[in-house]
């Protein structure tokens, strides 16, 4: 017997289930693979031997899965150490699992890497493949990550509406966007802009720390120009002293198994920034929203390009496992704009494992409070088609009756 | 000359611009009406004589306006007193405005009412019509309010995704939903449920105050049953002592011109509830999101039924103004489920002005922590078609290799 197992790890995305479906249908179509199992709740499901027989699931159900946000097999924040990985390998041997497909971020790539090395050393034939996913878009090697485009579409639609709301009832609006170390998702709010005076007027990414007085001065300048100001801030934004603002706030910060401070699921940073502006600029109407989990799990708002690519990445992992021993699936962009296109390729697990990508300098403006056209060209095809909006309040005023 | 003015007031919605378009195109098609003006930023735009000539706007632009969230003419939180209304009437006389269409909530209906009474007393011929809008769905007389269905669709899609996210990474999730006095929008999160074990598992509306110990006991019971719990709470939820929890929190609460405490645009209530659960139930993973302005202004996610009805309400206001002196447009439901349908009728401004509707008792379950099937039948056609989702983690576990 040569069985396969697929699983999903880390924070859910809007298209991680499209990758899952890509793996399942391709694996079911490979004569060399016998059973196709799904491990429930990632590596935890493997060590606890909680497997679902995925050949029992109808294609029509899988098609709905593909359109559903979040991880249909459940997820886990466990970060396996050597001992944990040894238990994974033992289960693989017991269940005759020779194909391991793991959909996740750089931590998941690392788990694949460790388990694969252990298998090699013990002479067990294992094909271990990582399928990329993350709304943060921070994996190395690949041009972009499945999951990012859909999250980018969400924040762009959110900011489009939020900017119109701010036009209707002017004031300062702060939106806190996910992204602990990488600003790609916060930067994607810029896709909402259509006209010169559209928000977000200021965009702050973790790659470019900003002292509070510069932040306040930026807001002041925009507010004086437009009588309003829409700001997108990454949850991981930091001061120039090397600490993030959220860290400064979070005295009793909860940390996850990976040692990361919990930034999402609390409105503290947004409220803090609003209070700072209120105190220092005496502006009356200031509102702050923290987008939270809606960014990664909103139902019914996938980017079509993202769905297609996520699905293809899942399928490619299975195809590569027929030729290679291990690897991670990566995307190469072959054209942009109306010629946007991609190719897929295999990269070594070690090139992706545990590493993280930041926004390249050419994506961020000189002042560190916005993005460049180069970034917009990069991100636009990933988010796909966005709604068109109109505002009438700036049309010419009739001068007399 | 007999000119018309249209304007939009209060908090934006996802379809208030569909009502605007309905007014504009019907008014432009009435031979008795000469100029059709749009007042920028509601009553403030009227007294400041900031009018746009709406006949200059192309139909294709208006069609985009109709699909755009927020108030395309701008809005205002001004609550006109007698003196303010007198200035409005003076401007109407100066500009020969004999038709006044005001899209807004119960405060806007009241403004219509006051200005109309003043005009009558001074012998000025004015047709004053109110077009209903509110995501809160709290206007009297009408079966439901344009704007509610689209906001209901947003929160339903949000909870669908959020529940799947909570399945993938179990814990307690709190979502704070808009609605100061009426629970209709919070209740609409129940539309997300498809299966018995789906969240939101608990729904709290302002109509049913709840003491903290009952809230904690509810969460404890759900968590023990499902090992997770998704909660939708209205921002206006209160304790049985008559105070809202947010009021208790907001020592230095900002109040708007209508005397309302500002509840949106801060994550304080959500964070407070999360902390209470953490302290009292010792559950490790607790997250809280405050949906904020996304609920009323997200771009590209209108309910089709809502758009159609909002547009029709705008048009009806103009049609009624050809036959009657004043009034508010209301919706009568003529069928439900697959036979859903509506008719429109005129109601006196006084029946809508300043009054607010609450969730009827038959919409809320006996325990005060959920909704009834009667409510679901009421709300489902308004939100329209929702995405289908699937989760695999609950499928049967394979018992042995």
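Protein chains in written order, with this note's numbering: chain A, 51 to 451; chain B, 51 to 451. We put the CB at the ideal spot given by N, CA and C, even for glycine.
Are the CB atoms of residue 14(A) and residue 104(A) nearer to each other than 8 Å? Missing from the structure shown is residue 14(A); chain A here goes from 51 to 451 and no further.
So residue 57(A) packs on residue 107(A), CB below 8 Å; how close in whole Å? Taking the first chain and counting its residues from 1, one reaches residue 57(A) at position 7. Taking the first chain and counting its residues from 1, one reaches residue 107(A) at position 57. Not really, about 15 Å apart at Cβ, beyond 8 Å.
Start-to-end residues for the beta strand (DSSP E) that takes in residue 396(B): Start at 1 with the first residue of the second chain, and residue 396(B) comes out as number 346. Element bounds for residue 396(B): 391-397.
Residue 166(B), buried or exposed, once every other Cβ within 10 Å from all chains shown has been counted against 16: By one-based count along the second chain, residue 166(B) stands at place 116. Flag for residue 166(B) reads buried.
By the three-class DSSP mapping on this structure, what secondary structure does residue 206(A) have? Indexing the first chain from 1 puts residue 206(A) at position 156. DSSP places residue 206(A) in helix when its eight states are reduced to three.
So the candidates are 360(A), 265(A) and 382(A); which of them puts its Cα closest to the Cα of residue 324(A)? Mapped onto the first chain, residue 324(A) falls at position 274. Ranking the options by Cα distance to residue 324(A), first place goes to 265(A).
4 or more residues per run - each alpha helix (DSSP H) lying fully within the segment 57-113 of chain B: 66-78 and 92-97
Helix, strand or coil for residue 283(A), going by three-state DSSP, please let me know. The residue you call residue 283(A) lines up with position 233 of the first chain. The answer is strand: DSSP assigns residue 283(A) an E or B state.
For residue 152(A), list the residues DSSP reports as bridge partners. Along the first chain, one-based indexing puts residue 152(A) at 102. Answer is 57(A) and 180(A).
Nearest to residue 94(A) (by Cα), restricted to the options 51(A), 152(A), 73(A) and 362(A): Within the first chain, the letter at position 44 stands for residue 94(A). Out of 51(A), 152(A), 73(A) and 362(A), 152(A) has the C-alpha closest to the C-alpha of residue 94(A).
Can you tell which of 403(B), 383(B) and 387(B) has its C-alpha closest to the C-alpha of residue 394(B)? Position 344 of the second chain holds residue 394(B). Nearest of 403(B), 383(B) and 387(B) to residue 394(B), Cα basis: 383(B).
With distances taken between CB atoms, is the gap from residue 76(A) to residue 344(A) smaller than 8 Å? By 1-based counting over the first chain, the position of residue 76(A) is 26. By 1-based counting over the first chain, the position of residue 344(A) is 294. It is not a contact, given that the beta carbons lie outside the stated cut-off.
For chain B, check one thing: does any of its Cβ atoms lie closer than 8 Å to the Cβ of residue 119(A)? Translated into the one-based positions of the first chain, residue 119(A) becomes position 69. Output row for residue 119(A): interface = yes.
For chain B, check one thing: does any of its Cβ atoms lie closer than 8 Å to the Cβ of residue 65(A)? Counted from its first residue, the first chain places residue 65(A) at position 15. By this cut-off, residue 65(A) is not an interface position.
Please list, in chain order, the chain A residues whose beta carbon lies closer than 7 Å to that of residue 145(B). The residue you call residue 145(B) lines up with position 95 of the second chain. Chain A residues near residue 145(B): 451.
I'd like to know whether the C-beta of residue 318(A) is nearer than 8 Å to at least one C-beta of chain B. The residue given as residue 318(A) occupies position 268 in the first chain. Chain B contact via Cβ: present.
The alpha helix (DSSP H) that contains residue 360(B), what's its start and end? For the purposes of this step, residue 360(B) is taken as the residue at position 310 of the second chain. Residues 354-371.
Taking residue 257(B) as the reference, which of 247(B), 229(B) and 268(B) has the closest Cα? Locating residue 257(B) in the second chain gives position 207, counting from the first residue. The residue with the shortest Cα to Cα distance from residue 257(B) is 229(B).
From the DSSP output, which residues share a beta bridge with residue 447(B)? By one-based count along the second chain, residue 447(B) stands at place 397. Paired residue(s): 102(A).
Amino acids of chain B, ordered along the chain, whose beta-carbon sits closer than 7 Å to that of residue 210(A): The residue given as residue 210(A) occupies position 160 in the first chain. Under the 7 Å cutoff, chain B gives 349.
At a CB distance below 8 Å, what residues from the segment 127-157 of chain A approach chain B? Give them in sequence order. 127, 144, 145 and 146
Sorted by chain position, which residues of the same chain lie with C-beta nearer than 6 Å to residue 433(A)'s C-beta, five sequence neighbours on each side aside? The sequence position of residue 433(A) within the first chain is 383, counting from 1. Correct list, in chain order: 199, 202, 203, 206, 241 and 353.
Counting beta carbon pairs with one atom in the segment 162-176 of chain B and one in the segment 139-146 of chain B, are three or more of them shorter than 8 Å? yes
Mind checking the segment 330-347 of chain A against chain B and listing, in chain order, the residues whose C-beta falls within less than 8 Å of any C-beta there? 336, 337, 338, 339, 340, 341, 342, 343, 344, 346 and 347
Quick one: what's residue 379(B) bridged to in DSSP? The residue given as residue 379(B) occupies position 329 in the second chain. Answer is 396(B), bridged to residue 379(B).
Own chain partners of residue 322(B) with C-beta closer than 8 Å, once the 5 adjacent residues on each side are dropped: The count along the second chain starts at 1 and reaches residue 322(B) at position 272. Within the same chain, residue 322(B) has close Cβ partners 295 and 299.
Test: residue 279(A) CB closer than 8 Å to a CB of chain B: Locating residue 279(A) in the first chain gives position 229, counting from the first residue. Chain B contact via Cβ: absent.
Can you tell me whether residue 163(B) is buried or exposed? The criterion is at least 16 other CB atoms within 10 Å of its CB, across all chains shown. Indexing the second chain from 1 puts residue 163(B) at position 113. It is buried - the Cβ of residue 163(B) has at least 16 other Cβ atoms within 10 Å.
Cβ closer than 9 Å: which chain A residues qualify as neighbours of residue 101(B)? Residue 101(B) sits at position 51 when you count from the first residue of the second chain. 447, 448 and 451, listed in chain order.
Helix, strand or coil at residue 434(B) according to DSSP, with G and I counted as helix: For this step, residue 434(B) is matched to residue 384 along the second chain. In this structure, residue 434(B) counts as coil in the three-state DSSP scheme.
Cβ contact check for the segment 175-184 of chain B and the segment 393-413 of chain B: 3 or more pairs under 8 Å: yes
Rounding to the nearest angstrom, what Cα-Cα distance links residue 431(A) and residue 355(A) in this structure? Taking the first residue of the first chain as 1, we reach residue 431(A) at position 381. Taking the first residue of the first chain as 1, we reach residue 355(A) at position 305. Approximately 8 Å between the Cα atoms of the pair.
For residue 214(B) and chain A, any beta-carbon pair shorter than 8 Å? Translated into positions along the second chain, residue 214(B) becomes position 164. Chain A, which has a Cβ nearer than 8 Å to the Cβ of residue 214(B), makes this yes.
If you reduce the DSSP assignment to three classes, tell me which class residue 338(B) lands in. If you number the second chain from 1, residue 338(B) lands on position 288. The answer is strand: DSSP assigns residue 338(B) an E or B state.
Taking Cβ positions, are residue 425(A) and residue 237(A) nearer each other than 8 Å? As a first step, residue 425(A) must be located in the first chain, where it is residue number 375. As a first step, residue 237(A) must be located in the first chain, where it is residue number 187. In this structure, residue 237(A) lies closer than 8 Å to residue 425(A) by Cβ.
Proximity below 8 Å, CB of residue 250(A) to CB of residue 289(A): Residue mapping note: residue 250(A) aligns to position 200 of the first chain, counting from 1. Residue mapping note: residue 289(A) aligns to position 239 of the first chain, counting from 1. Their beta carbons are not under 8 Å apart, which means residue 250(A) does not touch residue 289(A) by this criterion.
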